[in-house]
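Colleague: My numbering puts the last residue of the sequence shown at 320; the count rises by one with no breaks.
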Amino acid sequence: MHAIIPVAGIGTRLRPHTFSHPKVLLNVAGKPILGHIIDKVIAEGVTSATIVVGHMSERIIEYVHSAYAAVTIDFVEQDEPLGLGHAIYTARHAVNTEPILIILGDTIFDVDLRPVLRKPVTALGVKAVEDPRRFGVAEVSDGVITRLVEKPEHPTSNLAVVGLYHIHNTPLLRSCLDEVVKRDIRTKGEYQLTDVLQMMIDRGERMEVFPVEGWYDCGKRETLLSTNRALLEKQSTSRPMKGVVINEPVYVAPTAVLHDCVIGPNTTVADGAEISEAVVRNSIIGSQARVSRVLVENSIIGNGALVKGSYKRLNVGDASELEFQ
Ligand code: G1P
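Right, here's the structure in full:
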């Protein structure tokens, strides 16, 4: 099975990290976001992929080539940010006659895709959410989608489209992609994959849904940290180190250098990071970052950054009250 993985987004909500990094290369639980996605699709039986790149494309290509040398992966550049529909249109050379999987490159999923990919029918991953207005929304009857709407102001269903699409009738996908772009059909200024899929439904494609419980967003600081926590809860990786207290779950890279510190819970420490005389919890510490003499929580520290505090010299009288913010 072939997969199309669009990763062209800029990740503005993750600035300042995305000033110097493509969003999909940010480290979560010891691996770039994109690494989690590629590992997942390989485990589900995907044998080749087309990655749609844009922002900082060379960095992404370099990472994929070095980490996934054995997998057949090609790249296409989306030169203008014209929407997800346009990203898939840019990769239309990969849309032939075989079924394909489209998986968004900035969201990590935990779902068994095998039964979905085996079934000869188009199916979209969905999850019931409290506020569906920032997603594509599926109206469903008897497990079949009757209507798809991109980010509706007044949603008539709470089923959000999570970003996992198994497309069976690929020739129809291809002609609907062409038509949406040719006729310049845009919603909220962009070519939407949701509109392409709605056009497929209008032309008779049966589109089913499948539930996705494990849906880990990486779009902003809080969600990157909660995704970090959720993934670490499934797998914690560390080693005993003298003078270091580890509160699982954590990921501590083998090349990280730690002394006199308390790490975790829910903390990733990337390659070559150095942490000393510090307490770090619920955080992601980038590679080669140096953290010393501080208490750090709910934080993302970029690669090579330096965070340094100091001990206080105090002379405090009895019954005084001192609070450091
Ligand atoms: C895209 C899709 C939307 C889907 C969402 C899932 O929106 O257009 O239908 O629900 O991904 O994350 P975006 O988040 O790129 O605005």
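All C-beta atoms, glycine included, are put in the ideal place defined by N, C-alpha and C.
Just so you know, these numbers come straight off a predicted model, no measurement behind them.
Using the three-state DSSP reduction, which class does R178 fall into: helix, strand or coil?
Modeller: Correct three-state label for R178: coil.
Colleague: Which ranges does the beta strand (DSSP E) cover as unbroken runs of at least 3 residues, wholly within the stretch 168 to 242, from first to last along the chain?
Modeller: DSSP runs (the beta strand (DSSP E)) wholly in the stretch 168 to 242: 202 to 206, 209 to 212, 239 to 241.
Colleague: Would you grab the beta carbon distance between I98 and I162 for me? Rounded to a whole angstrom, and I think it's under 8 Å.
Modeller: Not a contact, Cβ separation roughly 11 Å.
Colleague: Starting from the Cα of T151, find the closest Cα among S271, E125, R276 and give me that residue.
Modeller: Per the Cα distances, E125.
Colleague: Would you call the stretch 231 to 240 and the stretch 193 to 200 touching, i.e. three or more CB-CB distances under 8 Å?
Modeller: Judged by Cβ distances under 8 Å, the stretch 231 to 240 makes no contact with the stretch 193 to 200, as fewer than three pairs qualify.
Colleague: Can you list the alpha helix (DSSP H) stretches of 4 or more residues lying completely in the stretch 88 to 119, in chain order?
Modeller: Segments of the alpha helix (DSSP H) lying fully in the stretch 88 to 119: 109 to 113.
Colleague: Assuming T323 and N22 form a contact by the criterion Cβ under 8 Å, report the distance between their Cβ atoms to the nearest whole angstrom.
Modeller: Nothing can be reported for residue 323, as the shown portion of the chain is limited to -4 through 320.
Colleague: Using DSSP with H/G/I as helix, E/B as strand and the rest coil, what is S61?
Modeller: In this structure, S61 counts as helix in the three-state DSSP scheme.
Colleague: Examine the ligand G1P and report whether any of its heavy atoms sits within less than 7 Å of the Cβ of G131.
Modeller: Within the cutoff, so yes.
Colleague: Would a C-beta distance cut-off of 8 Å place I140 and V47 closer than the cut-off?
Modeller: No, Cβ-Cβ distance for I140 and V47 is not below 8 Å.
Colleague: In its own chain, which residues sit with a C-beta less than 6 Å from the C-beta of L290, not counting the 5 before and 5 after it?
Modeller: Taken in chain order, the residues that qualify are V274.
Colleague: Given the structure, does T189 come close to the ligand G1P, in the sense that its CB is under 7 Å from one of the ligand's heavy atoms?
Modeller: Yes, since a heavy atom of the ligand G1P falls inside the 7 Å radius drawn around the Cβ of T189.
Colleague: Buried or exposed: where does V311 fall if 16 or more other Cβ atoms within 10 Å of its Cβ makes it buried?
Modeller: When all chains shown are included, V311 counts as exposed.
Colleague: Which full runs of the alpha helix (DSSP H) of 4+ residues lie inside the stretch 5 to 35, going along the chain?
Modeller: As far as the stretch 5 to 35 is concerned, its whole alpha helix (DSSP H) runs of at least 4 residues are 12 to 15.
Colleague: For A265, which residues from the same chain have a beta carbon less than 6 Å from its beta carbon, with the 5 sequence-adjacent residues on both sides left out?
Modeller: Contacts found: N22, A248, G281, S282.
Colleague: The ligand G1P and E373: does the residue's C-beta get closer than 7 Å to at least one heavy atom of that ligand?
Modeller: Beyond the ends of the chain as shown, which are -4 and 320, falls residue 373; an answer cannot be given.
Colleague: Return the chain-ordered list of same chain residues with a C-beta closer than 8 Å to the C-beta of R201, the five sequence neighbours on each side being excluded.
Modeller: If we look at R201 and ignore the five residues flanking it on each side, its Cβ neighbours are V116, T117, V139.
Colleague: Is V157 close to the ligand G1P? I mean its beta-carbon at under 7 Å from any heavy atom of the ligand.
Modeller: Result yes, Cβ under 7 Å from the ligand G1P.
Colleague: Where does P1 sit, in a helix, a strand or coil, going by DSSP?
Modeller: P1 falls in the strand class under three-state DSSP.
Colleague: How far does the alpha helix (DSSP H) with H163 in it extend, from its first residue to its last?
Modeller: Counting along the chain, H163 falls outside any alpha helix (DSSP H), and DSSP gives it neither H nor E.
Colleague: Have a look at A82, K146, A3 and flag the residue whose alpha-carbon is nearest the alpha-carbon of I56.
Modeller: Here the closest residue by C-alpha is A3.
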